[in-house]
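Report on the following structure.
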Amino acid sequence: MKKQLLIMMALLLVLVGCQPNENKDIDKKDMGVVNVYTTRHYDADDAIYARFTEETGIKVNVVTDEAVVSVEKIKEQGQAVQADVFMTSDAGNLAKAKEAGILDAIESQTLTSNVPSKYRDQDNMWFGLTKRARVFLYSTERLSLTDLEGVTYENLVTDPRFTDKVLIRTSSNIYNQSLVASFIEIMGSEKTEEWITNLVSSMARNPEGNDRVQAVEVKNGTGDIAIANSYYYGKLVDESDTESKYYGVADVVGIYFPNQGENESGVHINVSGAGVVKHAKNKDNAIKLIEFLSEVKQQEEFAATNYEFPVNVEASYSELTQSWLDAQGIETLKEQDINLNVLGDNNNEAYEMMIKLNWDTPKQ
Ligand code: FE2
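So this is what it looks like as structure tokens:
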């Protein structure tokens with residue numbers, strides 16, 4: 000009898016012992032949701048969200064919209080907001096979201112240690128998650144890397160070799176507004192106006208189309224150098240759809256990171272990033288997701304799948320992006336030495352300058 004009782008007790012203990020584990024499993028399946036409003040238009044992000052769900056049990060709902068639309072939606076929803084995380088490309092857009100009052104400050108040790116201070120908001124309203132450089136995409140049929148040695152943002156637009164040869168998209172594009180905003184910080188307003196004036200007279204045509212279209216026009220011979228974001232070059236390299244207008248472009252177009260010299264200001268870097276929405280219903284889950292995205296593994300996946308650079312200094316560059324730097328003999332990429340908060344601060348002045356100096360109508 001005593002033996003039986005002991006066995007019964009042991010069994011009971013085992014059962015009780017199992018309980019917390021079982022509960023953990025149940026909890027994991029029911030950790031709620033996180034609603035992400037994003038403007039990032041990359042399939043690669045979905046795979047990362049799927050892994051987050053797998054690891055945490057938190058379901059990720061994604062709504063994709065343009066930055067302005069997302070910000071307006073969130074503003075209109077007020078206290079009844081459906082978004083928990085706001086994610087977008089470009090520090091200029093992140094700053095606009097902060098200004099619109101839709102973000103909440105996050106206190107997170109993980110984020111402040113994973114994201115260098117120059118790539119996050121000074122009030123912790125948003126955190127950069129991936130880096131991209133605004134580079135030159137050049138015709139490898141008409142130029143070599145040696146021809147480009149020493150060519151900078153500044154002297155590209157005064158070099159007679161490139162008169163009527165420079166391609167860039169319109170002033171309404173945030174990437175260009177942020178580029179100009181960075182120049183206002185680095186060279187001052189007057190020099191930036193001069194730069195825009197010279198750029199406008201170097202343009203191959205009236206700006207139109209997206210960043211990749213500028214590279215297509217390099218291939219077509221409309222111009223020799225396009226100013227575009229670095230990840231688009233990765234997309235061009237990997238374009239496998241033979242019907243696509245982007246197919247084969249990278250065969251005759253190369254990538255060049257300007258302003259790498261000792262006395263030069265470094266290449267223009269921007270980020271895509273995220274913040275927690277004010278009045279978010281799932282705030283803890285929102286913070287968990289942003290923290291997850293800042294970890295080395297996810298950082299390296301971003302870098303590999305969307306041809307971006309990780310912000311976390313512990314994460315490695317992808318083989319492809321590293322090969323671009325190696326080809327140019329760059330050991331450490333020299334980046335503009337500015338805090339990205341200034342891209343928001345200088346956005347209005349930048350845009351007004353671009354309009355005033357006829358960025359969009361050089362060939363009127
Ligand atoms: Fe983009």
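Straight run, no breaks: the sequence shown in numbering that gives the first Met the number 0 ends on number 363. Glycine included, every Cβ here is placed at the ideal spot set by N, Cα and C.
*Under 6 Å Cβ to Cβ from A180, same chain only, skipping five residues before and after it: list those, please.*
L342, N345, N346, A349
*Own chain partners of I195 with C-beta closer than 8 Å, once the 5 adjacent residues on each side are dropped*: V179, M352, M353, L356, W358
*Enumerate in chain order the residues of its own chain whose CB-to-CB distance from R168 is below 7 Å, with the five nearest sequence positions on each side excluded.*
N175, P206, G208, N209, D210, Q213
*How is N60 classed by DSSP in three states: helix, strand or coil?*
strand
_What residue range does the alpha helix (DSSP H) around M352 cover?_
346 to 355
*Out of P115, V35, R39, K58, point me to the one whose CA is closest to V80's CA.*
V35
*Where does E106 land, buried or exposed, given buried means 16+ other C-beta within 10 angstroms?*
exposed
*asked:* Report the CB separation of L144 from Q327 in whole angstroms; it is logged as a contact under 8 Å.
replied: 7 Å
*asked:* Taking a contact to mean a Cβ-Cβ separation below 8 Å, would you say G31 touches N284 in this structure?
replied: yes
*Which residues bound the alpha helix (DSSP H) around T111?*
108 to 113
*Starting from the Cα of V70, find the closest Cα among D83, T52, D250 and give me that residue.*
D83
_Helix, strand or coil for F182? Go by DSSP, reduced to three states._
helix
*the ligand FE2 heavy atoms versus the CB of S177: any closer than 7 Å?*
no
*Who pairs with G272 in a beta bridge, going by DSSP?*
T87, G127
_Coarse secondary structure for N219, derived from DSSP in three states_ = coil
*Would you report the Cα separation of D158 and K234, rounded to the nearest angstrom?*
29 Å
*Distance, Cα to Cα, N113 vs I254?*
28 Å
*Please state if the CB of S177 and the CB of N258 are separated by a distance shorter than 8 Å.*
no
*asked:* Just verifying my parser: in three-state terms, what is the DSSP assignment at E366?
replied: The question about residue 366 has no answer here: the residues shown for the chain are numbered 0 through 363.
_Spatial neighbours of V15 within its chain, please: C-beta separation below 7 Å, excluding the five flanking residues on both sides._
Below a pLDDT of 50, predicted positions are generally treated as unreliable, and V15, at 43, falls in that range; the measurement from the model is reported next regardless. None.
*Return the residue from the list T241, G220, V215, T221 that minimises the CA-CA distance to Y231.*
V215
*asked:* To the nearest angstrom, how far is the alpha carbon of R39 from that of M186?
replied: 30 Å
*Is N228 near the ligand FE2, going by C-beta to nearest heavy atom under 7 Å?*
yes
*Between G100, D120, R133, E153, which lies nearest to A227 when the distance is taken from Cα to Cα?*
R133
_Same chain, Cβ closer than 6 Å to E21, neighbours up to 5 away in sequence not counted_ = Only weak support exists for where E21 lies, its pLDDT of 38 falling under 50; the value from the coordinates is given anyway. None.
*8 Å Cβ cutoff met for L288 and A90*: no
*Verify whether the separation of the beta carbon atoms of K130 and F291 is less than 8 Å.*
no
*Residue ranges of each alpha helix (DSSP H) within the region 204 to 270, 4 or longer*: 210 to 218, 229 to 236
*Does the Cβ of S88 lie closer than 7 Å to at least one heavy atom of the ligand FE2?*
yes
_Extent of the continuous alpha helix (DSSP H) to which T145 belongs_ = 144 to 147
*Within its chain, find whatever has a CB closer than 6 Å to the CB of G272; leave out the 5 residues flanking it on each side and keep chain order.*
L93, W125, F126, G127, L128
*asked:* What would DSSP say about D26, mapped onto helix, strand or coil?
replied: Its pLDDT being 47, under 50, D26 is placed unreliably by the model, and the measurement read from it follows with that caveat. If DSSP states are grouped into helix, strand and coil, D26 belongs with the helices.
*asked:* Going by the DSSP bridge assignment, what does R119 pair with across the sheet?
replied: F126
*Do you know offhand how far L147's Cα is from Y48's?*
40 Å
*asked:* Please report the straight-line C-alpha distance between S201 and F161, rounded to a whole angstrom.
replied: 6 Å
_As a quick exercise: from I337, L332, K362, N311, pick the residue whose alpha carbon is nearest that of T109._
N311
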